[in-house]
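Reading through the structure tokens given below for one structure.
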Amino acid sequence: MSGFGSMNRRRFLKALSAAGAAAVLAACGDSRDPDATPAAEPVADEAAAPQSPAWFKDTSPFIAHDDGKSLEARLENMDGLITPARFFFVRNNSVSLEVDVDTWRLSIEGDSITNPQTLTYDDIRALPSRTLVCYLECAGNHRAMFGLVQGRQAKGTQWKTGGVSNGEWVGVPLRDVLTSAGISDDAVSVLLIGLDTESPEQGFRRVIPVAKALHPDTLLAYSLNGEDLPRDHGFPLRALVPGWVGSTHVKWLGRIVVTKERLWTRNNTTSYVLIGDDYAPEGQALGQVATTQVIKSALALPWPATLPAQRHEIHGYAHSPDGPIQRVEWSLDSGENWRDAAVREPQVQYSWARFEFEWDATPGDYTVMTRATDAAGNTQPDEIPFNEKGYLFHQPVPHPVQVT
Ligand SMILES: Nc1nc2c(c(=O)[nH]1)N[C@H]1C(S)=C(S)[C@@H](COP(=O)(O)O)O[C@H]1N2
Ligand SMILES: [Mo]
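Numbering-wise, the sequence shown is residues -9 to 394 according to the numbering used here.
This is the structure we're talking about:
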């Protein structure tokens, strides 16, 4: 990979934690390999995010958050329906992994599995596959809005609108793999475990209920946008759980454990749980476990945006786990008055939808809002209750735009 000269990346990470970033960067002569492929042109006017050992991809098109784990996509870089992999957001709980596909194995085990399996990459690739266009969104996307809109900051990475992207995925239905492993009728929980040992819980893991695991659209995905899964997005294999929060889409999958008991781990008891006065604790969780995503919309504009006074065609993206987007409205006065935007075809299940509107922008400071409605009749609500970790914010987002 580029960016680390001849130093092996894993050693680089070890050295970083042992000696501290500054010393190692100095010893490497800034860690940048002058012969490496040059970074893409910075796509926004702000300074490029610094390259970090936490990721393989060029980080310059992103907003890199201070936690070193979150590359927020800039929606203004997106034009079509599919997010190019180089602009696709990344969220890690530790760092991106380099997995050797020749020695990689996926094990399927647990007390509800009668025929445990150890599958190779070739085994997976030989199975019948499905292709889905599907958005992937972090449960914390829009989290910053709790502070900006409700005046109460939630804990966690302060994502604005770029903790989401839309990809074309190819994979094997998890259902087929579980069926050949002899999943029994008494199965309750399916635990997906990643290989990232440096995450707070050894191997990032997330439980999904058996009904969702057996849904024919829940995939073990090996391809994004016609290419092998990029390393930052879980090569060689990740879960794709359409409509569910990003944390269920476990990357660098290594083990799947199916059990008769309902399983509780960090990621469904304290993390990825809606905690607050309006969320009654369920099971061993401190609140309601975040499972399906919620309807949202956002503008493909920098935050904040500055536009020249003229007629503009503005676009953005709306998505819902409950079916196609039927309507998107926009407002220039913080939601007092709404007009309809055009929602573009195609409307593919699980995909986000592109919307557009024309705005004859005259000088001034504006708060532009959008509000989506899906075919099932769900609309972005005026107000949602606060939750401590700031998941699933889906009130209309007040986008600051200055027209000069
Ligand atoms: N193994 C593993 N899988 C993981 C994570 C992780 O840290 N480790 N992060 C999860 C979270 S919180 C999100 S939002 C998505 C992000 O997927 P992406 O980085 O491909 O955009 O991956 C999920 N899968
Ligand atoms: Mo996430």
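Quick reminder that beta carbons are idealized off the backbone N, C-alpha and C, glycines included. Computed from a prediction, not measured in an experiment: that's the story for all the values here.
- Looking at the DSSP output, H302 bridges to W349.
- For ligand 2, residues qualifying as neighbours are R81, C128, G236, S237, where qualification means a beta carbon closer than 5 Å to at least one of its heavy atoms (chain order).
- Taking C-alpha positions only, N215 is separated from L204 by approximately 24 Å.
- Positions of the beta strand (DSSP E) runs, each at least 3 residues long and wholly inside the stretch 237 to 321, are given as 243 to 249, 286 to 289, 295 to 297, 301 to 309, 315 to 321 in order along the chain.
- The criterion of a C-beta distance shorter than 8 Å is not satisfied by L182 and G157.
- The Cβ atoms of W159 and T121 lie closer than 8 Å to each other.
- Between ligand 1 and the CB of V240, the shortest heavy atom gap is smaller than 7 Å.
- In the DSSP assignment, M68 falls outside any beta strand (DSSP E) and carries neither an H nor an E.
- Shown here, L164 sits in a helix according to DSSP, grouped into three states.
- Cα atoms of C128 and V358: separation of roughly 23 Å, rounded to the nearest angstrom.
- In the same chain as G233, and ignoring 5 residues on each side of it, the C-beta atoms closer than 7 Å to its own belong to T282, Q283, P311, Y340, in chain order.
- For A177, the CB contacts under 6 Å within the same chain, skipping 5 residues up- and downstream, are S102, V200, V248 in chain order.
- The alpha-carbon of Y262 is positioned some 29 Å away from that of Q337.
- Taken atom to atom, the span from the alpha-carbon of L219 to that of G70 is near 20 Å.
- Per DSSP, the beta-bridge partners of D218 are S213.
- Taking 7 Å as the cut-off, one finds no heavy atom of ligand 1 near enough to the beta carbon of G58.
- Counting only runs of at least 4 residues, the stretch 95 to 156 fully encloses the following alpha helix (DSSP H) elements, listed from N- to C-terminal order: 111 to 115, 134 to 140.
- The nearest non-hydrogen atom of ligand 1 is 7 Å or more from the C-beta of G146.
- Under DSSP, A229 shares a beta bridge with L210.
- Cβ-Cβ separation between R221 and S86: approximately 6 Å, consistent with a contact (criterion under 8 Å).
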